[in-house]
Structure formats: C-alpha cells, structure tokens
Amino acid sequence: MKIEEDKQILDQTAPKEESLDDSTKRVTEFKSNRLFFILGGFFLANAFIAEFIGVKIFSLEGSLGIAPLGLDPMGGDGPLNFTAGVLLWPVVFIMTDVINEYFGVSGVRFLSVLAASLIAYAFVMIFAAIGLAPADWWVEGYTNKGIPDMQAAFRGVFGQGMWIIVGSLVAFLVGQIVDAIVFRGVKKQTGNNRIWIRATVSTMVSQLIDSYLVLYIAFVLGADWSMEMLFSIGTANYIYKVLVAILFIPILYFIHNLIDRYLGEDVSNELKELALNKN
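For the sequence shown, the positions run 1 to 279 when UniProt numbering is used.
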C-alpha cells in the first residue's frame with residue numbers, strides 16, 4: 001500500500017540510530033502518522049480545555065460592552081448567553097472534520113474514548129488535590145487580590161459537580177461518534193467532492209444532540225435549571241455552531257489542500273479510501 005511505502009520522510013538527512021536497521025523506519029517518520037499525532041494532540045487539548053471552561057455561562061452583549069440586543073432564540077429580552085466552550089468551536093469543527101476525512105470513524109472513536117478516559121482520570125486527580133488539607137497561609141494568601149479563600153476558589157474552579165462531569169463526557173462521546181457516522185454516510189453519497197456538504201450536515205446533526213444533551217444532564221438534572229433556560233442557551237449555542245461551520249468552510253478547504261500537498265496525492269487518496277471503507 002502507498003501508506004506503508006510512504007517515502008516522504010520529513011528529515012531525509014537525519015542520522016539513523018545505530019541500533020535500528022537501515023531498512024526500518026520509525027513510526028514518526030511517516031507523514032500519515034505525524035498527521036494523526038498532530039490532529040490527535042489538538043483533539044485531546046480541546047477536549048480538556050472545553051471540560052474546564054465550559055461550565056462558565058457568559059453574556060455575548062456584556063462581553064462586547066453593548067446593550068442586550070433581544071436576540072434570545074426563545075423570545076426573551078435578556079442578553080444572548082453561551083457556554084464558554086464555544087470559544088473552541090472553530091478549532092473543534094476543523095479538527096473533527098479533518099480526522100473524519102483521513103482517519104474515519106475508527107480514528108474519531110479511538111480519540112474520543114481516549115479523551116474521555118483521560119478526562120475521567122484528570123478529575124480523579126483533581127478531586128484528590130481538592131481533598132488535601134491546604135496550608136493556612138495559602139488559603140488567605142491572595143486576599144489582597146480579591147480572593148479571600150483560595151481553597152474555596154480552587155474547589156469552585158476545578159471541582160465541578162458529578163452531573164456536569166457525566167453530562168459533558170456523555171455528550172462529548174455521543175456527539176463525536178454521531179458526527180463521524182453521519183460524515184461517512186454523506187461522504188459515501190458525495191465521494192471526495194463537496195466537502196462543505198458532509199462537514200455542514202454532520203455538524204448540524206451531531207451538535208443538535210451535543211448542544212442540548214450536555215446542558216440537560218449537567219444543569220437540568222444536576223442544577224435545577226428550567227427547561228426554558230435549557231432551550232434558550234442550548235439553542236443559542238447550536239445556532240452559533242452551525243453558523244461557524246458555514247463561515248469556516250473556505251478555511252476547511254484551505255486546510256484540506258495543505259494536508260493533501262503535505263501527504264502527497266497517493267498517500268492522501270489511500271487514507272481517504274481507508275477512512276471511508278475500512279473503518
């Protein structure tokens with residue numbers, strides 16, 4: 001296969017280790033592997049960041065320093081509210097699409113399960129850190145900066161409730177897998193052309209689930225939110241994500257072109273074929 005015969009090693013002049021046979025290539029010497037490592041790194045980083053900033057609900061108009069525009073999708077007069085996790089969405093949209101395109105459902109599933117496992121591990125360590133007895137001087141050491149109790153602040157920032165953790169992990173896993181399955185289904189109908197159709201359709205379907213599921217589990221079941229608040233914030237998040245997906249289509253084409261040139265036509269086409277038919 002072309003992937004296995006990938007001769008496009010980034011550093012052709014790099015000295016080989018004496019313990020390695022001259023005919024044996026290291027895993028990181030294949031461009032297809034390097035692409036997966038880079039995409040996977042961004043994927044995992046986004047998952048971690050979103051987990052910790054997503055609990056914050058912010059006002060769009062307040063952040064922009066303007067009066068409420070009355071654009072609440074549920075018809076309210078208040079400000080338009082989002083979860084802070086939307087800051088990551090442009091990067092998430094592009095990374096998810098590219099992983100789908102070149103590594104298929106199995107690639108998305110592998111990274112999604114890995115991310116969820118690492119997040120769960122992180123929370124175990126965080127809760128262990130919260131349970132440690134704080135030093136007396138540390139608790140009051142930031143009073144002059146407006147933080148009278150550092151232990152309470154630490155717990156408030158990192159110690160998310162169990163419902164929030166469960167909700168975010170479930171929504172993340174379900175949303176990513178649904179996105180990959182829909183993406184592949186659309187691609188089978190369109191082939192390698194019409195990237196914008198499969199990227200947009202998969203986003204519209206998966207984020208319809210993700211935008212409401214995480215809020216329902218985390219804040220309706222776990223924090224007594226009203227259904228009106230759920231639909232208001234969930235709908236605002238969903239509309240934003242769909243609009244970003246549409247606006248970022250040109251950037252998506254640009255990145256696809258860069259990756260195709262980086263991999264070479266043969267390797268790129270074979271990766272796409274494997275992603276579509278053997279995952």
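Backbone N, C-alpha and C fix where the C-beta goes; we use that ideal spot for every residue, glycine too.
So if DSSP puts residue 83 in a beta bridge, which residue, or which two residues, is it bridged to?
Indexing the sequence shown from 1 puts residue 83 at position 83. Paired residue(s): 57.
What would DSSP say about residue 39, mapped onto helix, strand or coil?
Reading the sequence shown from its first residue, position 39 is the one you call residue 39. Note: residue 39 maps to helix in three-state DSSP.
Taking just the CA atoms, how far does residue 70 sit from residue 31?
The count along the sequence shown starts at 1 and reaches residue 31 at position 31. The count along the sequence shown starts at 1 and reaches residue 70 at position 70. Taking the straight line from one Cα to the other gives about 49 angstroms.
Can the beta-carbon of residue 245 be found less than 8 angstroms from the beta-carbon of residue 169?
Translated into positions along the sequence shown, residue 245 becomes position 245. Translated into positions along the sequence shown, residue 169 becomes position 169. Cβ atoms of residue 245 and residue 169: not closer than 8 angstroms.
Is residue 212 buried or exposed, if buried means 16 or more other CB atoms sit within 10 Å of its CB?
Here residue 212 is taken as the residue at index 212 of the sequence shown, counted from 1. With 16 or more Cβ atoms within 10 Å of its Cβ, residue 212 is classed as buried.
Rounded straight-line distance, which links the Cα of residue 191 to that of residue 163:
One-based indexing of the sequence shown puts residue 163 at position 163. One-based indexing of the sequence shown puts residue 191 at position 191. Distance between the alpha carbons of residue 163 and residue 191 is about 40 angstroms.
With 16 other Cβ atoms within 10 Å as the buried cut-off, status of residue 289:
Lying before the first or after the last residue shown, residue 289 is absent from the chain, which here runs from 1 to 279.
C-beta contact flag for residue 215 and residue 230 at 8 angstroms:
As a first step, residue 215 must be located in the sequence shown, where it is residue number 215. As a first step, residue 230 must be located in the sequence shown, where it is residue number 230. In contact: residue 215 and residue 230 (Cβ atoms closer than 8 angstroms).
Should residue 50 and residue 85 be called a contact, given that it needs their Cβ atoms to be closer than 8 angstroms?
To locate residue 50, count along the sequence shown from 1; it is residue 50. To locate residue 85, count along the sequence shown from 1; it is residue 85. Yes, these two residues count as a Cβ contact at 8 angstroms.
Evaluate contact between the stretch 105-116 and the stretch 33-47, counting only Cβ atoms and requiring at least three cross-stretch pairs below 8 angstroms.
yes
Indicate the three-state DSSP secondary structure (helix, strand or coil) for residue 21 in the structure shown.
Taking the sequence shown and counting its residues from 1, one reaches residue 21 at position 21. Its pLDDT being 39, under 50, residue 21 is placed unreliably in this model, and the coordinates cannot settle the point.
How long is the line joining the alpha carbons of residue 261 and residue 268, rounded to whole angstroms?
To locate residue 261, count along the sequence shown from 1; it is residue 261. To locate residue 268, count along the sequence shown from 1; it is residue 268. Straight-line Cα distance between these residues: approximately 8 angstroms.
Considering only C-alpha positions, which residue in the set 80, 99, 35, 92 is nearest to residue 276?
Numbered from its first residue, the sequence shown carries residue 276 at position 276. Ranking the options by Cα distance to residue 276, first place goes to 99.
So what does DSSP say about residue 106, is it helix, strand or coil?
If you number the sequence shown from 1, residue 106 lands on position 106. Residue 106 falls in the helix class under three-state DSSP.
Given residue 280, which residues of its chain have a CB within under 7 angstroms of its CB, disregarding the five upstream and five downstream residues?
The requested residue 280 does not occur in the structure, where the chain is confined to residues 1 to 279.
Hey, which unbroken runs of the alpha helix (DSSP H) at 4 residues or more fall wholly within the stretch 99-179?
136-139, 150-158
Thinking just about the alpha-carbon of each residue, which of 33, 242, 92, 61 is nearest to the one in residue 43?
Here residue 43 refers to the residue found at position 43 when the sequence shown is read from its first residue. Answer by Cα proximity: 92.
Does the distance from the C-beta atom of residue 59 to that of residue 81 stay below 8 angstroms?
Position 59 of the sequence shown holds residue 59. Position 81 of the sequence shown holds residue 81. Against a cut-off of 8 angstroms, the Cβ pair of residue 81 and residue 59 comes out as a contact.
Could you tell me the alpha carbon to alpha carbon distance between residue 197 and residue 186, rounded to whole angstroms?
Within the sequence shown, numbered from 1, the residue matching residue 197 stands at position 197. Within the sequence shown, numbered from 1, the residue matching residue 186 stands at position 186. Approximately 8 angstroms between the Cα atoms of the pair.
Please state the DSSP three-state secondary structure of residue 247.
In the sequence shown, counting from the first residue as 1, residue 247 sits at position 247. Reduced to three states, the DSSP call for residue 247 is helix.
Among the candidates 177, 227, 199, 256, whose CA atom is the shortest distance from the CA of residue 243?
To locate residue 243, count along the sequence shown from 1; it is residue 243. Ranking 177, 227, 199, 256 by Cα distance to residue 243 puts 199 first.
If residue 112 and residue 173 are in contact, beta carbons under 8 angstroms, what's the gap, nearest whole angstrom?
Indexing the sequence shown from 1 puts residue 112 at position 112. Indexing the sequence shown from 1 puts residue 173 at position 173. Right, the Cβ-Cβ distance comes to about 5 angstroms (below 8 angstroms), so this counts as a contact.
Residue 130 to residue 103 span [Cα, whole Å]:
Here residue 130 refers to the residue found at position 130 when the sequence shown is read from its first residue. Here residue 103 refers to the residue found at position 103 when the sequence shown is read from its first residue. Each residue's Cα considered, the two are about 38 angstroms apart.
DSSP three-state label for residue 274, please.
Here residue 274 is taken as the residue at index 274 of the sequence shown, counted from 1. Helix at residue 274.
Would DSSP call residue 226 helix, strand or coil?
Here residue 226 is taken as the residue at index 226 of the sequence shown, counted from 1. DSSP places residue 226 in coil when its eight states are reduced to three.
Which whole-angstrom value is the C-beta distance of residue 182 and residue 166, which I expect to be below 8 angstroms?
On the sequence shown, residue 182 is found 182 positions in, with the first residue counted as 1. On the sequence shown, residue 166 is found 166 positions in, with the first residue counted as 1. No, residue 182 and residue 166 are not in contact; Cβ-Cβ is about 24 angstroms, not under 8 angstroms.
Would you mind giving the Cβ-Cβ distance between residue 115 and residue 47, rounded to the nearest angstrom? I have them listed as a contact below 8 angstroms.
Counting from one through the sequence shown, the residue named residue 115 turns up at place 115. Counting from one through the sequence shown, the residue named residue 47 turns up at place 47. Right, the Cβ-Cβ distance comes to about 4 angstroms (below 8 angstroms), so this counts as a contact.
In three-state terms, what does DSSP make of residue 234?
As a first step, residue 234 must be located in the sequence shown, where it is residue number 234. Note: residue 234 maps to helix in three-state DSSP.
Alpha carbon to alpha carbon, how far is residue 178 from residue 61? Give it in angstroms, no decimals.
The sequence position of residue 61 within the sequence shown is 61, counting from 1. The sequence position of residue 178 within the sequence shown is 178, counting from 1. Cα to Cα, the separation comes out at about 32 angstroms.
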